[in-house]
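Peer 1: Residues 1152 to 1408 in my numbering are what the sequence shown lists, from first letter to last.
Backbone N, C-alpha and C fix where the C-beta goes; we use that ideal spot for every residue, glycine too.
Fair warning: this is a prediction, and the values are worked out from it, not measured in the lab.
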Amino acid sequence: MNEAKPIGADFEPADTGSVGDGKLPLLEKSRGRTEAEIRRRILQAIFEQRLPAGESITEEQLAATFDVSRTVVRQAVARLAQDGILVKSPNKGTTVASPSRKEARDILFVRRLVEPEIVRVLASAPHKFGLVELRKHIAEENEARLAGQRGTLVRLTGEFHLLLAELSGNQVLRRLMTQLQTLTCLAVLLYAEHDDACPRDEHLRIVDAIAAGDGAAAAQEMLRHLTHVEKDLKLDRATPESSFDDAMGWLRGASDR
Ligand SMILES: [Zn+2]
């Protein structure tokens, strides 16, 4: 029954047209899935932690899975690579991003700047900005928690942050938050002490502050929430990461890990 809206449903539709203004899109849509749907499915798999950081994926696999042409898959992969969610490299092919601790810190830094402002906007007119949807989402999170559906819960807690951006009605924020939240999910999988990134009840406190029309309180609750998320990621841990890039950084004397 959990017809939770699919991830990335938000950062459309502006670009669906970019698939082409010619004749191909219609054909491809009738055969299988569209490029946007494929992207959504990949993001959803990451949110449910079914597609882990560093996992290799090939265009052939995706084309077979979704029953679409390689062209459509290539477009989806290119877009996700552009957002830093997939990484293309000459020797490893395409892999799911594997953010370093430094990258995860940078992501959380940006989220702390952006998300308090999103909830401040929503608190300025809670009924206009979809308070009902927020309440419904919190109820779904609770349901998944009670039912012990971990994958669903992790996805829903991530989607909560996307819903806030979506309700703000700002397309740029929606796309930015999809990128930031997806990369956070991957970082959680890699570094978090607990694998459920969002501490319990904190979403509810944010929604309550929005409902009360208290922008300052909503912003403060969001900031507190993101601080907890970051703390759980243990990003200040000194464990060195043994990647080639890190080694080169160290050799240059530029590493700050
Ligand atoms: Zn959260």
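Looking at the structure shown, is Gly1309 part of a helix, part of a strand, or coil, going by DSSP?
Peer 2: The residue labelled residue 1309 in the question sits at position 158 within the sequence shown. Residue state, collapsed to three classes: helix.
Peer 1: If we count the other Cβ atoms within 10 Å of its Cβ and call it buried at 16 or more, is Gln1226 buried or exposed?
Peer 2: On the sequence shown, position 75 is the one that residue 1226 refers to. So Gln1226 ends up on the buried side.
Peer 1: Secondary structure at Ile1208, three-state DSSP: helix, strand or coil?
Peer 2: Working through the sequence shown from its first residue, we reach residue 1208 at position 57. Looking at Ile1208 - three-state DSSP - the assignment turns out to be strand.
Peer 1: Give me the Cα-Cα distance between Leu1327 and Leu1194, rounded to the nearest whole angstrom.
Peer 2: Along the sequence shown, read from residue 1 onward, the residue named residue 1327 stands at position 176. Along the sequence shown, read from residue 1 onward, the residue named residue 1194 stands at position 43. About 14 Å.
Peer 1: So the candidates are Gly1309, Leu1264 and Ile1208; which of them puts its Cα closest to the Cα of Ser1240?
Peer 2: In the sequence shown, the residue the question calls residue 1240 occupies position 89. It is Ile1208 whose Cα lies nearest to the Cα of Ser1240.
Peer 1: With DSSP run on the structure shown, which of helix, strand or coil describes Gly1366?
Peer 2: Here residue 1366 refers to the residue found at position 215 when the sequence shown is read from its first residue. Helix at Gly1366.
Peer 1: Kindly indicate which three-state DSSP category Ile1258 falls into: helix, strand or coil?
Peer 2: As a working note, residue 1258 is residue 107 in the sequence shown. In the structure shown, Ile1258 sits in a helix (DSSP, three-state: H, G or I).
Peer 1: Per DSSP, which one or two residues make a beta bridge with Ser1220?
Peer 2: To locate residue 1220, count along the sequence shown from 1; it is residue 69. The partner list for Ser1220 (beta bridge, DSSP) is empty, contrary to what the question assumes.
Peer 1: Residue ranges of each beta strand (DSSP E) run of no fewer than 3 residues wholly in the stretch 1229 to 1299, ordered along the chain?
Peer 2: For the stretch 1229 to 1299, whole beta strand (DSSP E) runs of length 3 or above, ordered along the chain, are 1237 to 1240 and 1244 to 1247.
Peer 1: To the nearest whole angstrom, what separates the beta carbons of Leu1331 and Arg1262, a pair I think is in contact under 8 Å?
Peer 2: Reading the sequence shown from its first residue, position 180 is the one you call residue 1331. Reading the sequence shown from its first residue, position 111 is the one you call residue 1262. Confirmed, Cβ separation roughly 6 Å.
Peer 1: At the level of alpha carbons, what is the spacing between Thr1335 and Leu1341?
Peer 2: Looking up residue 1335 in the sequence shown gives position 184. Looking up residue 1341 in the sequence shown gives position 190. In a straight line, the C-alpha of Thr1335 is about 10 Å away from that of Leu1341.
Peer 1: From Thr1222 to Glu1186, what distance separates their C-alpha atoms?
Peer 2: One-based indexing of the sequence shown puts residue 1222 at position 71. One-based indexing of the sequence shown puts residue 1186 at position 35. Using only the alpha carbons, I get a separation of about 9 Å.
Peer 1: Mapping DSSP to helix, strand and coil, what is Thr1333?
Peer 2: Here residue 1333 is taken as the residue at index 182 of the sequence shown, counted from 1. Of the three classes helix, strand and coil, the one that applies to Thr1333 here is helix, per DSSP.
Peer 1: Counting beta carbon pairs with one atom in the stretch 1247 to 1263 and one in the stretch 1291 to 1300, are three or more of them shorter than 8 Å?
Peer 2: Taking 8 Å as the limit for Cβ pairs, the verdict is that the stretch 1247 to 1263 does not touch the stretch 1291 to 1300.
Peer 1: Over the uninterrupted alpha helix (DSSP H) stretch that includes Glu1344, give me the two end residues.
Peer 2: The residue given as residue 1344 occupies position 193 in the sequence shown. Segment: none, Glu1344 is in no alpha helix (DSSP H) and carries neither H nor E.
Peer 1: Take His1379 and list the residues in its own chain whose beta-carbon comes closer than 6 Å to its own, dropping the five residues that flank it on each side.
Peer 2: As a first step, residue 1379 must be located in the sequence shown, where it is residue number 228. Result list for His1379: Pro1350, in chain order.
Peer 1: From the DSSP output, in three-state form, read off Gly1302 for me.
Peer 2: By 1-based counting over the sequence shown, the position of residue 1302 is 151. Looking at Gly1302 - three-state DSSP - the assignment turns out to be helix.
Peer 1: For Glu1199, which three-state DSSP category applies?
Peer 2: On the sequence shown, residue 1199 is found 48 positions in, with the first residue counted as 1. Looking at Glu1199 - three-state DSSP - the assignment turns out to be coil, as it is neither helix nor strand.
Peer 1: Since Ala1204 contacts Val1247 with CB under 8 Å, what's their CB separation in whole angstroms?
Peer 2: Mapped onto the sequence shown, residue 1204 falls at position 53. Mapped onto the sequence shown, residue 1247 falls at position 96. Sure, about 6 Å apart at Cβ, within 8 Å.
Peer 1: Leaving out five residues on either side along the sequence, give the residues of the same chain with a beta carbon under 7 Å from the beta carbon of Glu1344.
Peer 2: By one-based count along the sequence shown, residue 1344 stands at place 193. Within the same chain, Glu1344 has close Cβ partners Asp1383 and Lys1385.
Peer 1: Would a C-beta distance cut-off of 8 Å place Leu1355 and Ile1289 closer than the cut-off?
Peer 2: The residue you call residue 1355 lines up with position 204 of the sequence shown. The residue you call residue 1289 lines up with position 138 of the sequence shown. In contact: Leu1355 and Ile1289 (Cβ atoms closer than 8 Å).
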